[in-house]
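**Student:** In my numbering, the protein residues as written are 437 to 579.
Supplied in structure tokens, the structure appears directly below.
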């Protein structure tokens, strides 16, 4: 909802001024379980995974290396365009996702999210995705 988005944006902006946002890294605040899919996963399977785990963002990885991402909003656009949901997700993924290094501070992550108008950030270490950081994760830590 719009109200939730506004509240999240305000909470992220408040992170800029909180010292706690400098004490924690992106990897510290991210959930420990990484949920990801491979490039040959179908769009239908990607949607099923999102529903199963109640998430709106999936990194697409191969051998740990981040190839791209697909989000709930991407899926909604594809529904409107009549995409083939039996096709591999690699045909529709965003191949140039915005990422953050695992050693970056939460302040860095919050600034990047606000600047890029995004709600999720893949956390990477040497090109490999290690976690996904969301606005909710940041708000939980600095709250």
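Built from N, CA and C at the ideal position, the CB exists for glycine as well.
1. Decide yes or no for the touch test of the segment 539-550 against the segment 506-526: beta carbon pairs closer than 8 Å, at least 3 of them.
2. Under the rule that 16 or more other beta-carbon atoms within 10 Å means buried, what is residue 515, buried or exposed?
3. Taking the runs of the beta strand (DSSP E) that are 3 residues or longer, which of them lie wholly in the segment 454-523?
4. Using 10 angstroms around the beta-carbon of residue 509, count the other beta-carbons present and answer buried if the total reaches 16, otherwise exposed.
5. Measuring straight from C-alpha to C-alpha, what distance separates residue 499 and residue 478?
6. Could you check what DSSP says for residue 573 in three-state terms: helix, strand or coil?
7. Keeping to the same chain, check which residues put their C-beta closer than 8 Å to that of residue 573; ignore five residues upstream and five downstream.
8. Check residue 564 in the structure and name its three-state DSSP category.
9. Between the alpha carbons of residue 520 and residue 460, how many angstroms are there, rounded?
**Tutor:** Looking at the coordinates:
1. Taking a cut-off of 8 Å for Cβ pairs, the segment 539-550 and the segment 506-526 do not touch, as fewer than three such pairs fall below it.
2. Burial call: exposed.
3. List check, beta strand (DSSP E) in window: 493-498 and 501-507.
4. Residue 509 should be labelled exposed.
5. The straight-line gap separating the alpha-carbon atoms of residue 499 and residue 478 is approximately 18 Å.
6. Taken through DSSP and simplified to helix, strand or coil, residue 573 comes out as helix.
7. Taken in chain order, the residues that qualify are 465, 466 and 467.
8. Three-state result, residue 564: strand.
9. About 41 Å.
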